[in-house]
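Trainee:
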């Protein structure tokens, strides 16, 4: 654990600044920097620590940023956009909340709404903790829920 | 008055410097991975953050380190909600 701390403390600023430059968003940069270090520790058995850790971290950060961008390409899309998509072709209630509930299971809808209302990384971490999963797993789960919502909405069009 | 002129001049110089550093960094990042000069990339992004005043405080680094180590504990104790597939992508086990 001491080795983990040394590595994070030594390279955190480098990786965070790299992420922040690429994303231009401090909160997203914090998420991606964290995910980069978690990848390092997930693969600790396969990595040769004699190799240049900074190079490995930087290349991993680049991939994490790419995944983050792909997963969050609809992040800033307002819920009302979903309503607009449906408005022209469906005859059911146009309330954005009902769109979420009608196209997802109750548990998924509840989690997505809670996530949307998270204002910062700390609140997202707290939401992950309440659901007894890591923030990384929450992030993956939310991406899948959003994808399912988009697919269901598009199928109804 | 003199101080304001100097301050404006300094601000202009900083802007020019950031523009130059960004050009240099973008040039590096446009290269394929294999040709990246990682040390240069990190030095440039650190320099840009420094000039723009985005440098993290020691408290920030400590707080974030603790947060990451807490996650590492989850991974080590096998409590993580997801696992990593062979492509390095996180998979949801729930």
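Chains as they are written, first to last, in the working numbering: chain S, 1 to 157; chain L, 1 to 94.
Every residue gets a Cβ at the ideal spot worked out from N, C-alpha and C, and that includes glycine.
Does the beta carbon of residue 210 of chain S come closer than 7 angstroms to any beta carbon on chain L?
Mentor: Because chain S spans 1 through 157 in this model, residue 210 of chain S falls outside it and cannot be assessed.
Trainee: In whole angstroms, what separates the C-alpha of residue 16 of chain S from that of residue 129 of chain S?
Mentor: 23 angstroms
Trainee: With a threshold of 16 other CB atoms inside 10 Å of the CB of residue 32 of chain L, please say whether the residue is buried or exposed.
Mentor: exposed
Trainee: Rounded to whole angstroms, what's the CA-CA distance from residue 72 of chain S to residue 16 of chain L? Just pull it up for me.
Mentor: 32 angstroms
Trainee: Just to confirm my understanding: we take residue 28 of chain L, look at its own chain, exclude 5 residues before and 5 after, and list those with CB closer than 8 angstroms. What are they?
Mentor: 36, 37, 40, 41, 44
Trainee: Can you give the Cα-Cα distance for residue 67 of chain L and residue 33 of chain S, rounded to whole angstroms?
Mentor: Distance from the CA atom of residue 67 of chain L to the CA atom of residue 33 of chain S, rounded to whole angstroms, is 12 angstroms.
Trainee: Give a yes or no on whether 7 angstroms exceeds the smallest Cβ distance from residue 14 of chain L to chain S.
Mentor: no
Trainee: Under 7 angstroms, do residue 143 of chain S and residue 71 of chain L count as touching if we go by C-beta distance?
Mentor: no
Trainee: In chain L, which residues lie less than 7 angstroms from residue 12 of chain S when you measure between Cβ atoms?
Mentor: 61, 64, 65
Trainee: Going by beta-carbon coordinates alone, are residue 145 of chain S and residue 108 of chain S separated by less than 7 angstroms?
Mentor: yes
Trainee: Consult DSSP for residue 44 of chain S and reduce its assignment to one of helix, strand or coil.
Mentor: Coil.
Trainee: Less than 7 angstroms between CB atoms is the rule here; does residue 72 of chain L satisfy it with respect to chain S?
Mentor: Residue 72 of chain L counts as touching chain S.
Trainee: Which value, in whole angstroms, describes the spacing of the CA atoms of residue 36 of chain S and residue 140 of chain S?
Mentor: 15 angstroms
Trainee: When the Cα atoms are used, what is the spatial distance from residue 18 of chain L to residue 56 of chain S?
Mentor: 26 angstroms
Trainee: Once the 5 residues before and after residue 65 of chain S are set aside, which same chain residues still bring their CB inside 7 angstroms of it?
Mentor: 19, 22, 23, 32
Trainee: Note down, in chain order, each residue of its chain lying with its Cβ closer than 7 angstroms to the Cβ of residue 154 of chain S, except the 5 sequence neighbours on either side.
Mentor: none
Trainee: Taking the alpha-carbon of residue 70 of chain S as reference, which of S/12, S/28, S/122 has the nearest alpha-carbon?
Mentor: S/28
Trainee: Just to confirm my understanding: we take residue 14 of chain S, look at its own chain, exclude 5 residues before and 5 after, and list those with CB closer than 7 angstroms. What are they?
Mentor: 54
Trainee: In whole angstroms, give me the CA-to-CA distance for residue 123 of chain S and residue 137 of chain S.
Mentor: 15 angstroms
Trainee: What is the DSSP secondary structure of residue 32 of chain L, counted as helix, strand or coil?
Mentor: coil
Trainee: With residue 119 of chain S as the anchor, note down where its alpha helix (DSSP H) starts and where it stops.
Mentor: From DSSP, residue 119 of chain S is part of no alpha helix (DSSP H); its letter is neither H nor E.
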